[in-house]
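A.B. asks:
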Ligand SMILES: Cc1cc2nc3c(=O)[nH]c(=O)nc-3n(C[C@H](O)[C@H](O)[C@H](O)COP(=O)(O)OP(=O)(O)OC[C@H]3O[C@@H](n4cnc5c(N)ncnc54)[C@H](O)[C@@H]3O)c2cc1C
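Okay, here's the thing in structure tokens:
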């Protein structure tokens, strides 16, 4: 993607650039990419690897028999489409296959609260020179996130969101991404709630743009370019799998016998009252166990992504894109081993899985 001009290498998106939202601590080293370039590169890679892609299919149900998922059904314009497979990998974010199969699930945290959702939007017309002139000399993170400005606007009733910070990221096509709307406790399984949340997000976007124009350096002439195609759901249901990864595991960087990748995102929990962070006891990366991808009730069902088997608090960290990619790779590799070796997903030879992942480039340092 970088070669095609569709991505910024992380080394260039580092601290105090518009790509990193001018952060100097925490969540920087962002790798911005162009969405259209991503689509074409991803499709090319799938074609080259022999993946049979089919879009426009909505999962609507499945069959199970003797501890196995035997078929999944999808609604298409041509009617209901049936897929049979030796092993299923549910990467739906919401664990829709696992849920329909009757796998034990937890929705949100222990009290059932889901982390807040956001409808991203993009704007054009940011005056980058003006924004740089304000941001680059700014010394405190409060100023870089315009927290003082928010306070002032909120006192006048002119800040239309519950967020505590302004998060504007430069994209690579002249647009800027705005991560600022907040819609709380949305049930991602309810079409009514998701629709209402998307409408609420679009309404908030209009007010946020008015606020940005009036209060934020470089934003006087911005225009809404696009709101996201769908609501950004941070949390819905997680399976209770063979192992439930805990926040304590990550805090102490616990190394499991079946670790399949490692990751390092901060543990940032989005609540209605703002983002809270869980401190870790070490700067080492933390690990993710294969067992947290296994639906314990079935011999041939894995999940990957934010619906993996973890406590809600650590889902806040492993839900980001790099761990989700790594989970997909681990689950896909395990599914292939299970299918070829004719074994249950629980019986996959873990050293063989880890060795294959490492051979395919997964970073898993020895300890
Ligand atoms: C507001 C917000 C900000 C974020 N910021 C960052 C960030 O800065 N950095 C970062 O790395 N990550 C970030 N993330 C996290 C990241 O984008 C997602 O959490 C991650 O993509 C989740 O991956 P996933 O594979 O589990 O699910 P998804 O990427 O949501 O993929 C699930 C797929 O399954 C499909 N699907 C669902 N149900 C069905 C069905 N019934 N039938 C057919 N298909 C179905 C969906 O259409 C979708 O294509 C952010 C997320 C949000 C919401």
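Numbering (my numbering), first residue to last: 612 to 978.
Cβ coordinates follow ideal geometry from the N, Cα and C atoms, glycine included.
Everything numeric in this text was worked out from a predicted model, so none of it was measured.
Just to be sure I understand the criterion: a residue counts if its Cβ is closer than 5 Å to at least one heavy atom of ligand 1. Which residues meet that?
C.D. replies: This selection yields 669, 670, 703, 704, 707, 729, 843, 845, 916, 917, 930, 931, 932, 935.
A.B. asks: Based on DSSP bridge pairs, tell me the residues matched to residue 687.
C.D. replies: Partner(s): 690.
A.B. asks: Can you find at least 3 beta carbon pairs, one from the region 852-860 and one from the region 809-823, that sit closer than 8 Å?
C.D. replies: No contact exists between the region 852-860 and the region 809-823.
A.B. asks: Name the residue from 963, 643, 958 whose alpha carbon lies nearest to the alpha carbon of residue 853.
C.D. replies: Ranking the options by Cα distance to residue 853, first place goes to 958.
A.B. asks: Identify whether residue 838 lies in helix, strand or coil by the three-state DSSP scheme.
C.D. replies: Here residue 838 sits in strand by DSSP.
A.B. asks: Could you tell me which whole alpha helix (DSSP H) segments of length 4 or greater appear in the region 798-854?
C.D. replies: Segments of the alpha helix (DSSP H) lying fully in the region 798-854: 802-826.
A.B. asks: When DSSP labels each residue in this structure, what does residue 767 get in the three-state scheme?
C.D. replies: In the structure shown, residue 767 sits in coil (DSSP, three-state: anything other than H, G, I, E or B).
A.B. asks: Do you know whose CA, among 811, 844, 700, lies nearest residue 798's CA?
C.D. replies: If we check each option's Cα against that of residue 798, 844 comes out closest.
A.B. asks: Identify, in the order they occur along the chain, each residue of the same chain with its Cβ nearer than 7 Å to the Cβ of residue 851, setting aside the five sequence neighbours on each side.
C.D. replies: Correct list, in chain order: 715, 716, 717, 920.
A.B. asks: Taking all protein chains shown into account, do 16 or more other C-beta atoms lie within 10 angstroms of the C-beta of residue 617, making it buried, or fewer, making it exposed?
C.D. replies: With 16 or more other Cβ atoms within 10 Å, it is buried.
A.B. asks: With a floor of 3 residues, list each beta strand (DSSP E) that falls wholly inside the region 649-716, ordered by position along the chain.
C.D. replies: As far as the region 649-716 is concerned, its whole beta strand (DSSP E) runs of at least 3 residues are 669-676, 679-687, 690-694, 699-701.
A.B. asks: Could you tell me whether the region 793-811 touches the region 720-740, where touching means 3 or more Cβ pairs closer than 8 Å?
C.D. replies: Enough Cβ pairs lie closer than 8 Å, so yes.
A.B. asks: Can you tell which of 809, 965, 829, 838 has its C-alpha closest to the C-alpha of residue 742?
C.D. replies: If we check each option's Cα against that of residue 742, 829 comes out closest.
A.B. asks: What do you reckon, are the CB atoms on residue 667 and residue 877 nearer than 8 Å?
C.D. replies: No, the pair does not count as a contact, with Cβ atoms beyond the cut-off.
A.B. asks: Quick check: the Cα distance between residue 964 and residue 939, rounded to an integer number of angstroms?
C.D. replies: Going from the Cα of residue 964 to the Cα of residue 939 covers about 13 Å.
A.B. asks: With respect to the beta strand (DSSP E) encompassing residue 929, which residues constitute its N-terminal and C-terminal limits?
C.D. replies: From DSSP, residue 929 is part of no beta strand (DSSP E) but of the alpha helix (DSSP H) over 923-929.
A.B. asks: Suppose the cutoff is 7 Å on Cβ atoms and the five residues either side in sequence are ignored; what does the same chain contact list for residue 867 look like?
C.D. replies: Correct list, in chain order: 898, 900.
A.B. asks: Pick out the complete beta strand (DSSP E) segments inside the region 883-956, 3 residues or longer, and give them in chain order.
C.D. replies: Fully enclosed beta strand (DSSP E) runs of 3 or longer: 885-889, 897-900, 912-914.
A.B. asks: CB-CB under 6 Å to residue 698, same chain, minus the five flanking residues each way: which ones, in chain order?
C.D. replies: Excluding positions up to five away in sequence, the list reads 911, 946, 949, 950.
A.B. asks: The beta strand (DSSP E) with residue 781 in it runs from where to where?
C.D. replies: Its beta strand (DSSP E) spans residues 779-781.
A.B. asks: Give the single residue among 894, 833, 720, 766 whose Cα lies nearest to the Cα of residue 925.
C.D. replies: Nearest option by C-alpha distance: 720.
A.B. asks: Should the region 798-809 be called in touch with the region 743-758, which here means at least 3 C-beta pairs below 8 Å?
C.D. replies: No, the region 798-809 is not in contact with the region 743-758.
A.B. asks: Which residue or residues does DSSP assign as beta-bridge partners of residue 732?
C.D. replies: Bridge partners of residue 732: 789, 838.
A.B. asks: Under the assumption that residue 836 contacts residue 737 (Cβ atoms under 8 Å), give the Cβ distance between them as a whole number of angstroms.
C.D. replies: Residue 836 to residue 737, Cβ: 11 Å. No contact.
A.B. asks: Would residue 772 and residue 819 qualify as a contact pair, given that the criterion is a beta-carbon distance under 8 Å?
C.D. replies: It is a contact, given that the beta carbons lie within the stated cut-off.
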